[in-house]
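**Q** Dumping the structure here so I can ask a few things about it.
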Amino acid sequence: MNRIAIFGEPCTGKTKTSEEMTKKGNFKLIEASKEIIFPIASNFEKLPSEDYLLRKLPKLKKRDKKISREEARKTFSLLKENYSSDFIARALHEIYVKNSKYKSVIFTGLRGLDNAKYCRLHNDLVVYLKTNQNELVNRLCKEKGYTKQQALEELKIEQKLYNTKEIENVADLVINTHTNNVEQVSKKILSKVESWNKMCKRCVNTGKNPSITFNKKGYCNICSSYIKNLDLNHLKRELDFLKSFKGNGKGKYDLLVGISGGKDSTATLYTIKKMGFTPLAVTLDLGYLPETTIPRARETAKLLNVDYEVISIKKYIRKIDLDSYKKTVNLYEEPFTLETKIKFKKYYKTGREHYSVKCKHSPAFVRTCQLCRRMVIRSYYREALKRGVNVMILGINEWTNLSAAQKGKGYKVSGVRKLQPTKNKPPVFVFHLPFLLQRNSKDTKKILDKLDWKPPKGEDFIESNSNSCLYARSTERMAKRLLEFHPDSTRLAREVTVGFITKKEALKALGKIHPYKYTPRQVLEKAGILEKSVRRPTTE
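Position 539 of the sequence shown, counted from 1, bears residue number 549 in our numbering, the numbering being contiguous throughout.
The structure is reproduced here in structure tokens:
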């Protein structure tokens, strides 16, 4: 649903812009004064309870005849005093968003900074129309018949009551109506809506993700980079390189295979055996795997007659990683406010900059996988060498050199990552086997059918990371709500990019929320990563 909330000082062109936009797009125009202020002022001498009023408002007869500005301001003040300063925005959402029959709405005539904050927090596109004071005064004098002094007084009253100028700081889009006419303003707003809703021609990345850009052909920056740098012959050479490790282990095993008992790792372990390798299947555990993971992984290894080991990797948590864990749980305990939403978007960006295992920073990570990755990558290297092998195999369906794709650098798409802390240390190679083999989900399913593999009850064949990690699950709902896109969308988008799954399958997975009763802090306390906090008893 497209929702636009237009704010601005008097005579900045809010009404004219809204009317122009309804001509250009299929928008339902919702005038706050007519829908909220006028009916309340006309029907209630004394305000009832908030619940009663919210139930009654949609049924009240709308009154087209305007009330005076003074009476409207008085009603606004009463609503603010009796309920809250964001009541008008909440009421509009209650009536027109929760059970809306409209695909696109424009809210106009709203007043007040907190109403603007509410609209932006709840994913409306907040537009602030502005112009200079001289222009405002001239417009008020012309349209309302005010003297210059009356116009200045009007602006002063509006600012004191509504804090209108501060809305510019929280708006998604600010447009100067002195330098843009109504048609230009309307066009800019519609362009912003279009960019937000834009989805990549190939994958499921959208304009709501601040890291995603699009080229003229409609491909996102990740897909366009992948298409440009994919060389199937290079992948064949990497596959031949993998085969060269057969029989090269220093002991019993040729390589390690990471497994969870899920579809990808099960098919990968089966394939590695078919290729003639002697693998050791391992599950790397930070303490917050779902309870079905290790039993299913052990069962898979037994079925395929492969040795199996569970490896705790909590020992790889450094002080800076622990600091990030603490900052992350603190972030997820912030109240549901616009300020928190802004923090989430900020930390989503910084997380993308600091997830490298070499990074010495300790930010909060909105996308929890980026934090876990720091420990997991280090464990690949050390645990492989401990067991006399130089290869780690993963059932990952995408390429490895993602940072190059994100930065737009020239590179060759690869299915192998080389881990080597220093030149005098032996390397460990991490292979994404399904990607190297250019498999798709149908290929994987054929293998699983041979093994009579079935997903756990309630689990779909294609899932987001919240299905396989309790830490991610505990953060999923809040992250998706505040980011306005699923935190795992970029990973599933890449699986679409490479052709492993379809757009439809990815969108279905991203639309699913996994209910969970534990908070991120509780998950990490249960895992033994954070000390259990002392909770004071509540008092009645």
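Even for Gly, the Cβ is constructed at its ideal location relative to N, Cα and C.
Whole angstroms are fine: how far does the CA of residue 212 sit from the CA of residue 507?
**A** What you label residue 507 is simply residue 497 of the sequence shown in a count that begins at 1. What you label residue 212 is simply residue 202 of the sequence shown in a count that begins at 1. Distance between the alpha carbons of residue 507 and residue 212: 6 Å.
**Q** If we count the other Cβ atoms within 10 Å of its Cβ and call it buried at 16 or more, is residue 466 buried or exposed?
**A** Along the sequence shown, one-based indexing puts residue 466 at 456. An exposed status is given to residue 466, since fewer than 16 other beta-carbon atoms sit within 10 Å of its beta-carbon.
**Q** Could you check the C-alpha separation between residue 332 and residue 366 for me, to the nearest Å?
**A** Working through the sequence shown from its first residue, we reach residue 332 at position 322. Working through the sequence shown from its first residue, we reach residue 366 at position 356. Taking the straight line from one Cα to the other gives about 15 Å.
**Q** For residue 325 and residue 297, what's the separation of their Cα atoms in angstroms?
**A** On the sequence shown, residue 325 is found 315 positions in, with the first residue counted as 1. On the sequence shown, residue 297 is found 287 positions in, with the first residue counted as 1. Looking at the two C-alpha atoms, the distance is approximately 11 Å.
**Q** Could you check what DSSP says for residue 549 in three-state terms: helix, strand or coil?
**A** The sequence position of residue 549 within the sequence shown is 539, counting from 1. Residue placement at residue 549 is poorly supported in this model, since its pLDDT is 34, which falls under 50; the coordinates are not used for a value here.
**Q** Have a look at residue 78 and residue 178 and give me their C-alpha separation to the nearest angstrom.
**A** Numbered from its first residue, the sequence shown carries residue 78 at position 68. Numbered from its first residue, the sequence shown carries residue 178 at position 168. Going by the C-alpha atoms only, they are around 27 Å apart.
**Q** To the nearest angstrom, how far is the alpha carbon of residue 357 from that of residue 339?
**A** Along the sequence shown, read from residue 1 onward, the residue named residue 357 stands at position 347. Along the sequence shown, read from residue 1 onward, the residue named residue 339 stands at position 329. Distance between the alpha carbons of residue 357 and residue 339 is about 13 Å.
**Q** Could you check where the alpha helix (DSSP H) with residue 375 kicks off and where it finishes?
**A** Mapped onto the sequence shown, residue 375 falls at position 365. Premise fails: residue 375 is in no alpha helix (DSSP H) and is neither H nor E.
**Q** Looking only at C-alpha atoms, which of 309, 426, 29, 385 sits nearest to residue 402?
**A** Within the sequence shown, residue 402 is the residue found at index 392, counting from 1. Of the listed residues, the one whose Cα sits closest to residue 402 is 426.
**Q** To the nearest angstrom, report how far apart residue 84 and residue 47 are at their CA atoms.
**A** Reading the sequence shown from its first residue, position 74 is the one you call residue 84. Reading the sequence shown from its first residue, position 37 is the one you call residue 47. So the alpha carbons of these two residues sit roughly 10 Å apart.
**Q** What are the start and end residues of the beta strand (DSSP E) that includes residue 319?
**A** Along the sequence shown, one-based indexing puts residue 319 at 309. Residues 317-322.
**Q** For residue 11, count neighbouring C-beta atoms within 10 Å of its own C-beta (all shown protein chains included) and say buried if the count is 16 or more, exposed if not.
**A** One-based indexing of the sequence shown puts residue 11 at position 1. Looking at its Cβ environment, which holds fewer than 16 other Cβ atoms inside 10 Å, residue 11 is exposed.
**Q** Quick check on this structure: which residue in 26, 485, 437 has the alpha carbon closest to the alpha carbon of residue 153?
**A** What you label residue 153 is simply residue 143 of the sequence shown in a count that begins at 1. Taking only the C-alpha atoms, the option nearest residue 153 is 26.
**Q** Just to check my reading of the structure: residue 438 and residue 429 have Cβ atoms closer than 8 Å, yes? What is that Cβ distance to the nearest angstrom?
**A** Locating residue 438 in the sequence shown gives position 428, counting from the first residue. Locating residue 429 in the sequence shown gives position 419, counting from the first residue. Yes, residue 438 and residue 429 are in contact; Cβ-Cβ is about 5 Å, under 8 Å.
**Q** By a C-beta neighbour count over all protein chains shown, 10 Å radius and 16 as the cutoff for buried, is residue 380 buried or exposed?
**A** Against the sequence shown, residue 380 aligns to sequence position 370. With 16 or more Cβ atoms within 10 Å of its Cβ, residue 380 is classed as buried.
**Q** In the DSSP assignment, find the alpha helix (DSSP H) that holds residue 360 and state where it starts and stops.
**A** Stepping through the sequence shown from its first residue, residue 360 is reached at position 350. Taken as a continuous stretch (DSSP letters only), the alpha helix (DSSP H) holding residue 360 covers 348-363.
**Q** Since residue 279 contacts residue 267 with CB under 8 Å, what's their CB separation in whole angstroms?
**A** Against the sequence shown, residue 279 aligns to sequence position 269. Against the sequence shown, residue 267 aligns to sequence position 257. Their Cβ separation, rounded to whole angstroms, is 5 Å, which keeps residue 279 and residue 267 in contact under 8 Å.
**Q** So within the stretch 286-313, which uninterrupted beta strand (DSSP E) runs reach at least 3 residues, ignoring any that extend past its ends?
**A** 289-295
**Q** May I ask you to verify whether the stretch 22-40 touches the stretch 98-113, counting CB pairs closer than 8 Å and requiring at least 3?
**A** yes
**Q** Taking only runs that begin and end inside the stretch 154-225, name each unbroken alpha helix (DSSP H) of 4 or more residues, in chain order.
**A** 158-172, 192-207
**Q** Three or more beta-carbon pairs under 8 Å between the stretch 345-362 and the stretch 287-295, yes or no?
**A** no
**Q** Just how far apart, CA to CA, sit residue 546 and residue 539?
**A** Within the sequence shown, numbered from 1, the residue matching residue 546 stands at position 536. Within the sequence shown, numbered from 1, the residue matching residue 539 stands at position 529. Residue confidence for residue 546 is low, a pLDDT of 41 falling below 50, so the modelled location carries little weight; the figure read from the coordinates is stated next. One C-alpha to the other measures close to 21 Å.
**Q** Which residue spans inside the stretch 454-510 form an unbroken alpha helix (DSSP H) run of at least 4?
**A** 480-493, 499-507
**Q** Could you check whether the Cβ of residue 366 sits closer than 8 Å to any Cβ belonging to chain D?
**A** Among the protein chains of the structure shown there is no chain D, as only one such chain exists.
**Q** Would residue 393 pass as a contact of residue 321 if the rule is Cβ separation under 8 Å?
**A** Here residue 393 corresponds to residue number 383 of the sequence shown, with the count starting at 1. Here residue 321 corresponds to residue number 311 of the sequence shown, with the count starting at 1. Yes, the Cβ-Cβ distance between residue 393 and residue 321 is below 8 Å.
**Q** Helix, strand or coil: which one does DSSP assign to residue 118?
**A** Translated into the one-based positions of the sequence shown, residue 118 becomes position 108. Here residue 118 sits in strand by DSSP.
**Q** Can you tell me which of 198, 86, 441, 236 puts its alpha carbon nearest to the alpha carbon of residue 171?
**A** Start at 1 with the first residue of the sequence shown, and residue 171 comes out as number 161. For residue 171, the nearest C-alpha among the options comes from 86.
**Q** Report yes or no: do three or more beta-carbon pairs, one from the stretch 118-130 and one from the stretch 481-496, lie closer than 8 Å?
**A** no
**Q** Report the option in 164, 480, 139 whose CA atom is closest to the CA atom of residue 190.
**A** As a position in the sequence shown, residue 190 is number 180, starting the count at 1. When each option's Cα is compared against that of residue 190, the closest is 139.
**Q** Ends of the alpha helix (DSSP H) at residue 142?
**A** On the sequence shown, position 132 is the one that residue 142 refers to. No alpha helix (DSSP H) holds residue 142; DSSP gives it neither H nor E.
**Q** When DSSP labels each residue in this structure, what does residue 385 get in the three-state scheme?
**A** Indexing the sequence shown from 1 puts residue 385 at position 375. Residue 385 falls in the helix class under three-state DSSP.
**Q** According to DSSP, simplified to helix, strand and coil, what is residue 19?
**A** For the purposes of this step, residue 19 is taken as residue 9 along the sequence shown, with counting starting at 1. Under the three-state reduction of DSSP, residue 19 is assigned to coil, being neither helix nor strand.
**Q** Flag this pair as touching only if the stretch 309-320 and the stretch 499-513 have three or more C-beta atom pairs under 8 Å; answer yes or no.
**A** no
**Q** To the nearest whole angstrom, what separates the beta carbons of residue 98 and residue 64, a pair I think is in contact under 8 Å?
**A** Locating residue 98 in the sequence shown gives position 88, counting from the first residue. Locating residue 64 in the sequence shown gives position 54, counting from the first residue. Actually they do not touch by this definition, with Cβ atoms about 12 Å apart.
**Q** What does the alpha-carbon distance come out to for the pair residue 18 and residue 369?
**A** Working through the sequence shown from its first residue, we reach residue 18 at position 8. Working through the sequence shown from its first residue, we reach residue 369 at position 359. Rounded to whole angstroms, residue 18 to residue 369 spans 44 Å at the Cα level.
**Q** Under 6 Å Cβ to Cβ from residue 182, same chain only, skipping five residues before and after it: list those, please.
**A** For the purposes of this step, residue 182 is taken as the residue at position 172 of the sequence shown. Closer than 6 Å at the Cβ level, and outside the excluded window around residue 182, lie 135, 136.
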